[in-house]
Amino acid sequence: MASGPLKAALLIVSTTAAKDASADASGPILTQVLKDEGDGKWEIHDTKIVSDDVLAIQRQITTWTDSPDSVNLVVTTGGTGFATGDSTPEAVTPLLHKQAPGLVHGMLAASLTVTPFAMMSRPAAGVRNSTIIVTLPGSPKGAKENLQAIVKTLPHACIQAAGGNSRAIHSGGIKKLEAEAGLTGGDTHSTAAGGCVEEALSLIEEHTPEPEVISAPVDQSIINSVLAEDVKARENVPAFRASIVDGYAVVAPKDGQLKGVFPVTAISHASPGEIGALNEGELARITTGAPLPPGATTVVMVEDTILKTMSEDGKEEKEVEIQVDGVKEGENIREVGSDVQQGTVILNKGETISGVGGEIGLLASVGVSEAKVYRRPVVAVLSTGDEIVEYNRPGDLKLGEVRDTNRITLMSAAREWGYEVVDLGIASDKPGTLEETLRDGFRHADLLITTGGVSMGELDLLKPTIERSLGGTIHFGRVAMKPGKPTTFATVPVKDNSGQRVTKTIFSLPGNPASALVTFHLFVLPSLHKLSGASTKGLPRVPAVISHDFPLDPRPEYHRAVVTVGKDGLLSATSTGGQRSSKVGSLRSANALVILPSGKGKLEKGSKVEVLLLSAVQAA
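Counting from 1 along the sequence shown, just add 13 to a position and that's the residue number in the working numbering.
(1) What first and last residue would you give for the beta strand (DSSP E) that runs through phenylalanine 502?
(2) Just how far apart, CA to CA, sit proline 266 and glycine 308?
(3) Give, in chain order, every unbroken run of the beta strand (DSSP E) that is at least 3 residues long and sits entirely within the stretch 366 to 427.
(4) Which ranges would you report for the beta strand (DSSP E) in the stretch 270 to 339 if only whole runs of at least 3 residues count?
(5) Tell me, which residues are paired with proline 564 by DSSP?
(6) Between alanine 131 and the rest of its own chain, which residues show a CB-CB distance below 7 Å, the 5 nearest in sequence each way excluded?
(7) From leucine 86 to glutamate 158, what does the alpha carbon distance come to, in whole angstroms?
(8) Just reading off the beta strand (DSSP E) that alanine 138 is part of, what are its end residues?
(9) Kindly indicate which three-state DSSP category histidine 58 falls into: helix, strand or coil?
(10) Would alanine 605 and leucine 530 be called neighbours here (beta carbons separated by less than 8 Å)?
(11) Rounding to the nearest angstrom, what Cα-Cα distance links glutamate 364 and valine 210 in this structure?
(12) For aspartate 268, count neighbouring Cβ atoms within 10 angstroms of its own Cβ and tell me buried if that reaches 16, exposed if not.
(13) For lysine 154 versus glutamate 449, is the C-beta distance shorter than 8 Å?
(14) To which residues of the same chain is valine 381 closer than 7 Å at the C-beta, ignoring the five residues directly before and after it?
(15) Select from Glu429, Met323 and Leu483 the residue whose C-alpha is nearest the C-alpha of phenylalanine 455.
(16) Look at the alpha carbon of isoleucine 559 and the alpha carbon of aspartate 459, and state the distance between them as a whole number of angstroms.
(17) Going by CA-CA distance only, name the one from Tyr387, Thr446 and Gly524 that's closest to serine 545.
(18) Using the three-state DSSP reduction, which class does aspartate 37 fall into: helix, strand or coil?
(19) Taking contact to mean at least 3 C-beta pairs separated by less than 8 Å, is the stretch 140 to 153 in contact with the stretch 107 to 114?
(20) Cα-Cα, which of Ile42, Arg452 and Arg254 is closest to lysine 508?
(21) For aspartate 436, which three-state DSSP category applies?
(22) Does the stretch 341 to 359 come close enough to the stretch 303 to 320 to have 3 or more Cβ pairs within less than 8 Å?
(23) Alpha carbon to alpha carbon, how far is leucine 160 from aspartate 79?
(24) Which of the three DSSP states, helix, strand or coil, is assigned to proline 556?
(25) According to DSSP, which residues form a beta bridge with histidine 110?
(26) Grab me the residues of aspartate 399's own chain with a C-beta within less than 7 Å of its C-beta, minus the 5 sequence neighbours each way, in chain order.
(27) What does the alpha-carbon distance come out to for the pair leucine 627 and threonine 446?
(28) Do you know how far the Cα of glutamate 429 is from the Cα of alanine 38?
(29) In the DSSP assignment, find the alpha helix (DSSP H) that holds leucine 544 and state where it starts and stops.
(30) Under DSSP, the alpha helix (DSSP H) around arginine 456 begins and ends at which residues?
(31) Rounded to whole angstroms, what's the CA-CA distance from glycine 465 to valine 88? Just pull it up for me.
(32) CA-CA distance, leucine 375 and threonine 501?
(33) Could you tell me the distance, in whole angstroms, from the CA atom of threonine 422 to the CA atom of valine 492?
(34) For histidine 282, which of Leu291, Glu293 and Gly302 has the nearest alpha-carbon?
(35) What's the gap between the Cα of leucine 296 and the Cα of threonine 322?
(36) Tell me the DSSP secondary structure of isoleucine 163 in three-state form.
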């Protein structure tokens with residue numbers, strides 16, 4: 014057999030990808046696995062995409078296996094499930110001259126350690142002529158796991174199939190072969206194990222996509238938006254020399270002596286209009302905010318004057334006596350740009366446009382009608398489980414039914430933080446229904462929240478749906494904390510409305526009400542803040558003292574509490590009561606989460622703790 018790298022060919026079986034090659038997510042992943050984990054033994058000879066058609070699959074495979082320049086390995090991905098159009102095993106099996114049940118078992122065994130849904134795959138493997146053929150699932154996650162399970166043994170199989178000397182290959186025994194292949198007897202399965210809260214937050218920060226910059230009109234729609242660039246004033250404020258008092262505009266003499274009676278030759282109001290120039294020895298009646306007449310150098314307050322005469326019709330002032338001396342130029346005048354100068358930075362990148370109105374008012378005052386901001390993400394909320402019914406459904410509950418309190422609670426929390434929310438309703442515990450609902454959610458939202466369906470129960474289908482059906486990556490599936498241990502965070506590649514492939518995030522929160530709300534504020538909110546472009550992420554953290562003993566748990570705990578401020582200015586935390594994760598009442602009136610360390614016994618009254626503020630602090 015010739016030396017050099019082994020030749021591999023990849024066949025993507027997908028009617029969708031055959032029409033649009035950009036829909037293929039598995040091919041690049043499999044190429045990377047062979048490159049990264051194949052110990053430099055592989056070269057990708059060819060990659061093709063065919064539709065779910067038996068003849069098309071067979072025609073392409075035999076092109077690679079039956080020529081004088083045949084490849085060593087053919088890897089197919091797609092068409093191995095139970096769907097009507099899945100026909101890859103039916104196309105491949107008749108082509109095989111030898112079956113390879115060991116490879117099939119290796120792939121299934123590895124996948125079954127990840128999800129019981131691996132048994133829904135129908136892999137085939139074997140030898141045609143001198144080529145090894147293996148079939149993998151269509152989902153990027155499943156295809157990757159299956160190939161990783163056998164990639165170390167494939168060179169050995171391919172060398173044998175190509176006519177290598179079996180006796181020479183096996184000299185040294187199985188241990189030598191395992192060592193050369195980099196195999197060990199240990200568990201090679203990597204799970205989304207439960208790390209600490211800090212590790213989970215670090216993964217969220219790492220894998221949440223960067224925010225998107227948009228141009229937005231300066232109106233109420235940008236409230237709570239974060240500026241994506243510095244904003245400069247387009248105009249001076251004020252744009253003209255303006256009076257800051259009601260009084261009389263004058264031309265101040267050099268010696269400042271103004272006492273005397275002067276004629277009133279003009280009137281300037283705080284409304285648009287033309288006004289003539291003012292000469293020395295003349296007065297112009299002026300109101301607060303009105304422009305100064307050309308030539309005027311100062312304004313005398315009306316309190317420092319006396320009306321002497323009126324016009325013949327009695328409607329206008331004719332003469333006014335000024336009673337002060339020592340008047341200086343520029344008194345009671347707002348100069349052009351004295352508040353804001355044109356071209357100066359008025360708001361910095363990273364600042365938030367609040368609903369109080371100050372930022373919007375400032376932008377409007379300097380003529381800025383549009384600003385670059387980070388787009389606010391849209392949140393979709395979904396409940397999962399056949400036992401869940403609408404919270405407002407009339408009538409009594411049947412045995413086992415649970416009213417859906419989590420969905421409306423999480424939607425309210427997201428709206429309270431200023432995010433647009435899409436209601437995805439309730440999805441049943443059926444893989445097809447759940448997948449369809451999640452796909453619909455990603456079409457309308459940037460971040461999905463599901464509640465329920467993430468524990469270790471047999472009907473909890475969310476994790477395998479994310480990994481297998483959607484090709485997502487679960488970054489963590491458990492967190493060492495109380496409440497909220499089964500919290501899951503994942504990212505999913507999807508196509509946006511323009512056809513570009515983007516990454517979207519999904520959080521699967523526990524079904525227990527208290528756990529769901531705590532984990533929303535602890536994990537979902539920082540992700541939303543990053544998507545929004547905020548520099549500070551998550552709840553504000555402040556010190557407090559506890560007003561009574563708090564029991565400790567072996568896990569770090571986020572204890573629902575009411576924080577008040579005393580007359581001494583110190584914050585005090587009081588528990589809301591029983592902290593069972595299913596206890597909805599523990600959320601009532603809670604405005605903070607007390608961070609309790611893991612331990613035994615209790616934390617004594619008066620101990621200093623850190624708290625995460627959910628809402629405003631009230632006086633004790």
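Each residue gets a CB set at the ideal place from its N, CA and C atoms; glycine is no exception.
Quick look at the numbers:
(1) Your numbering for residue 502 matches position 489 in the sequence shown. Looking at the DSSP string, the run of the beta strand (DSSP E) that includes phenylalanine 502 is 501 to 508.
(2) Taking the first residue of the sequence shown as position 1, residue 266 is located at position 253. Taking the first residue of the sequence shown as position 1, residue 308 is located at position 295. The straight-line gap from Cα to Cα measures roughly 12 Å.
(3) 383 to 387 and 391 to 397
(4) 273 to 281, 296 to 299, 311 to 314, 318 to 323 and 330 to 335
(5) For the purposes of this step, residue 564 is taken as residue 551 along the sequence shown, with counting starting at 1. Proline 564 is bridged to Lys615.
(6) Within the sequence shown, numbered from 1, the residue matching residue 131 stands at position 118. Around alanine 131: Leu121, Ser124 and Leu125.
(7) For the purposes of this step, residue 86 is taken as the residue at position 73 of the sequence shown. For the purposes of this step, residue 158 is taken as the residue at position 145 of the sequence shown. If I take the Cα positions, the gap works out to 17 Å.
(8) By 1-based counting over the sequence shown, the position of residue 138 is 125. Counting along the chain, the beta strand (DSSP E) containing alanine 138 begins and ends at 138 to 141.
(9) Residue mapping note: residue 58 aligns to position 45 of the sequence shown, counting from 1. In the structure shown, histidine 58 sits in a strand (DSSP, three-state: E or B).
(10) One-based indexing of the sequence shown puts residue 605 at position 592. One-based indexing of the sequence shown puts residue 530 at position 517. No, the Cβ-Cβ distance between alanine 605 and leucine 530 is not below 8 Å.
(11) As a working mapping, residue 364 is identified with position 351 in the sequence shown. As a working mapping, residue 210 is identified with position 197 in the sequence shown. About 28 Å.
(12) Residue numbering aside, residue 268 sits at position 255 when the sequence shown is read from its first letter. Aspartate 268 is exposed by the Cβ-count criterion.
(13) Mapped onto the sequence shown, residue 154 falls at position 141. Mapped onto the sequence shown, residue 449 falls at position 436. The answer is no: Cβ separation not under 8 Å.
(14) What you label residue 381 is simply residue 368 of the sequence shown in a count that begins at 1. Closer than 7 Å at the Cβ level, and outside the excluded window around valine 381, lie Val231, Val244 and Arg247.
(15) The residue you call residue 455 lines up with position 442 of the sequence shown. Considering only alpha carbons, the answer is Leu483.
(16) As a first step, residue 559 must be located in the sequence shown, where it is residue number 546. As a first step, residue 459 must be located in the sequence shown, where it is residue number 446. In a straight line, the C-alpha of isoleucine 559 is about 39 Å away from that of aspartate 459.
(17) To locate residue 545, count along the sequence shown from 1; it is residue 532. It is Tyr387 whose Cα lies nearest to the Cα of serine 545.
(18) If you number the sequence shown from 1, residue 37 lands on position 24. Reduced to three states, the DSSP call for aspartate 37 is coil.
(19) yes
(20) Position 495 of the sequence shown, counting from 1, holds the residue named residue 508. It is Arg452.
(21) Within the sequence shown, residue 436 is the residue found at index 423, counting from 1. Note: aspartate 436 maps to strand in three-state DSSP.
(22) yes
(23) Sequence index remark: in the sequence shown, residue 160 carries index 147 (1-based). Sequence index remark: in the sequence shown, residue 79 carries index 66 (1-based). If you take the alpha carbons of leucine 160 and aspartate 79, they lie about 24 Å apart.
(24) By one-based count along the sequence shown, residue 556 stands at place 543. The answer is strand: DSSP assigns proline 556 an E or B state.
(25) Taking the first residue of the sequence shown as 1, we reach residue 110 at position 97. Paired residues: none, contrary to the question.
(26) Locating residue 399 in the sequence shown gives position 386, where the first residue counts as 1. Once the five neighbours on either side are set aside, the close Cβ partners of aspartate 399 are Ser441 and Asp442.
(27) On the sequence shown, position 614 is the one that residue 627 refers to. On the sequence shown, position 433 is the one that residue 446 refers to. If I take the Cα positions, the gap works out to 35 Å.
(28) By 1-based counting over the sequence shown, the position of residue 38 is 25. By 1-based counting over the sequence shown, the position of residue 429 is 416. Going by the C-alpha atoms only, they are around 37 Å apart.
(29) Here residue 544 corresponds to residue number 531 of the sequence shown, with the count starting at 1. Unbroken alpha helix (DSSP H) run through leucine 544: 538 to 544.
(30) Residue 456 sits at position 443 when you count from the first residue of the sequence shown. Run containing arginine 456: 444 to 457, per the alpha helix (DSSP H) assignment.
(31) Position 452 of the sequence shown holds residue 465. Position 75 of the sequence shown holds residue 88. So the two alpha carbons sit approximately 37 Å from each other.
(32) Sequence index remark: in the sequence shown, residue 375 carries index 362 (1-based). Sequence index remark: in the sequence shown, residue 501 carries index 488 (1-based). Cα-Cα distance, rounded: 42 Å.
(33) As a working note, residue 422 is residue 409 in the sequence shown. As a working note, residue 492 is residue 479 in the sequence shown. Using only the alpha carbons, I get a separation of about 22 Å.
(34) Here residue 282 refers to the residue found at position 269 when the sequence shown is read from its first residue. The candidate whose alpha carbon is nearest that of histidine 282 is Gly302.
(35) Position 283 of the sequence shown, counted from the first residue, corresponds to residue 296. Position 309 of the sequence shown, counted from the first residue, corresponds to residue 322. Leucine 296 and threonine 322: Cα-Cα distance of roughly 13 Å.
(36) Numbered from its first residue, the sequence shown carries residue 163 at position 150. Isoleucine 163: helix per DSSP, three-state reduction.
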